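Residues in the sequence shown are numbered from 3 upward in steps of one, following this note's numbering. For every residue, glycine included, the Cβ atom is placed at its ideal position computed from N, Cα and C. Since the structure is predicted, the reported quantities are computational estimates derived from the model, not experimental observations. Have a look at the structure below, then the notes.
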Amino acid sequence: SSASTVARKGALAMGVSTARTALAAVGQLTSTSNHAANLAQASELCERAAAAGARLLCLPEAFAFIGGHHTETVAQAGSLDGPEFGKYRGLAARHNLWLSLGGYHEAGADGGRVHNTHVIVDSSGDIVADYRKMHLFDVSVPNGPVLMESRYTAPGPARAVVVESPVGRLGLTTCYDMRFPELYTALARKGAEVILVPSAFTVPTGKAHWHLLLRARAVECQAYVLAAAQVGAHNEKRRSFGHALAVDPWGEVLGDAGPEKSPELVVCEVDLDRLAAVREKMPIQAQRREDVLALATEPAELGEAAEPLEQAEGAA
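Structure (structure tokens):
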């Protein structure tokens with residue numbers, strides 16, 4: 003389309019060249035409270051991704067730190083221009099690799115909290131986009147822990163962040179966001195072709211919903227979905243599901259890192275011609291109704307529920 007052409011020209015003006023096919027790498031690792039060990043894992047994945055010819059490497063939520071208590075998380079948080087995050091920017095430049103650094107504990111949020119910030123760094127080590135996680139994981143997990151992310155994390159503003167990259171237009175999300183499809187609809191409408199979902203999923207929710215939700219988001223958006231993942235035991239209290247995943251626009255799983263290996267890498271081809279063909283054959287975005295989208299913003303009227311079950315059955 004003409005809009006797509008304009009977007010590509012704009013990207014070229016910014017020095018971003020997007021091929022019609024390119025390799026992307028999706029990482030899986032086990033972060034702990036040891037910053038040096040976490041950096042070493044990320045460095046290994048950068049080396050492996052670069053050797054495989056990938057243009058983008060995705061790292062999972064909390065790639066730089068997972069502690070045993072939220073006070074540790076707040077205490078070690080840093081700024082995006084600080085020395086700790088600078089080490090990861092250095093990895094991007096050293097390996098000539100774009101990085102999706104999804105879920106850095108960014109200091110300075112209100113109430114003495116942090117932001118859970120997903121950052122895109124280009125192959126020169128420069129920050130080109132950031133997204134502060136909006137939907138926070140405040141949940142009592144069935145047969146699992148009670149997790150209250152809002153105790154130490156402030157939600158980010160409502161933003162649909164899309165940025166051009168060598169593998170296509172990236173849409174930025176983080177973990178629990180995947181349960182809120184309205185954000186993904188907004189990203190698709192803004193032209194996202196590759197949606198990133200760096201995560202640290204619990205084992206019970208992962209078994210139930212991880213593959214299901216990620217494949218659904220890919221099909222709805224007709225986009226590639228790349229979901230880097232934490233895996234295994236981080237400490238005595240917390241484990242993650244793993245299964246770092248790459249999904250194509252038709253919902254097919256292109257790669258799955260499994261439930262154990264760490265650090266591990268899934269490398270997949272992002273084919274923008276295939277994406278365009280899927281969208282052309284089934285033009286969901288062109289068929290989307292604005293009046294139906296507006297229904298989602300109407301006030302909830304939970305008091306006006308359907309008729310009681312026995313009445314509904316009697317009417318039948």
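- Runs of beta strand (DSSP E) with 3 or more residues, each lying fully within the region 112-151, are found at 116-123, 129-134, 140-142 and 148-150, listed in chain order.
- For Pro144, the closest of Phe182, His211, Glu151 and Leu189 by C-alpha to C-alpha distance is His211.
- In the DSSP assignment, Ala24 falls within the unbroken beta strand (DSSP E) covering Thr23 to Leu31.
- Under DSSP, the beta-bridge partners assigned to Thr155 are Val116.
- From the listed residues Asp112, Arg161 and Glu151, the smallest Cα separation to Ala131 is found for Arg161.
- Inside the region 166-235, DSSP marks whole beta strand (DSSP E) runs of 3 or more residues at positions 170-174, 196-198, 226-229 and 231-235, from first to last along the chain.
- Straight through space, the alpha carbons of Lys283 and Val116 are spaced by roughly 44 Å.
- The beta-carbon distance between Gln232 and Leu31, rounded to whole angstroms, is 7 Å. This is short enough to meet the 8 Å contact definition.
- For Leu256, no pairing in a beta bridge is given by DSSP.
- Straight across, the Cα-Cα distance linking Leu295 with Ala111 is about 32 Å.
- Between Leu99 and Ala53, the gap from beta carbon to beta carbon reaches 8 Å or more.
- Between Val249 and Leu214 a beta carbon distance of about 11 Å is seen, past the 8 Å cut, so the two are scored as non-contacting.
- The three-state secondary structure of Glu282, taken from DSSP, is helix.
- Judged by their CB atoms, Leu47 and Leu267 are nearer to each other than the 8 Å cut-off.
- Boundaries for Leu82: no alpha helix (DSSP H) harbours it, and the DSSP string shows neither H nor E there.
- The closest CA to that of Val255, considering only Val272, Ala66 and Ala298, is found on Val272.
- Straight through space, the alpha carbons of Asp293 and Arg241 are spaced by roughly 43 Å.
- With a cutoff of 8 Å on beta-carbon distance, Ala64 and Gly105 are scored as near each other.
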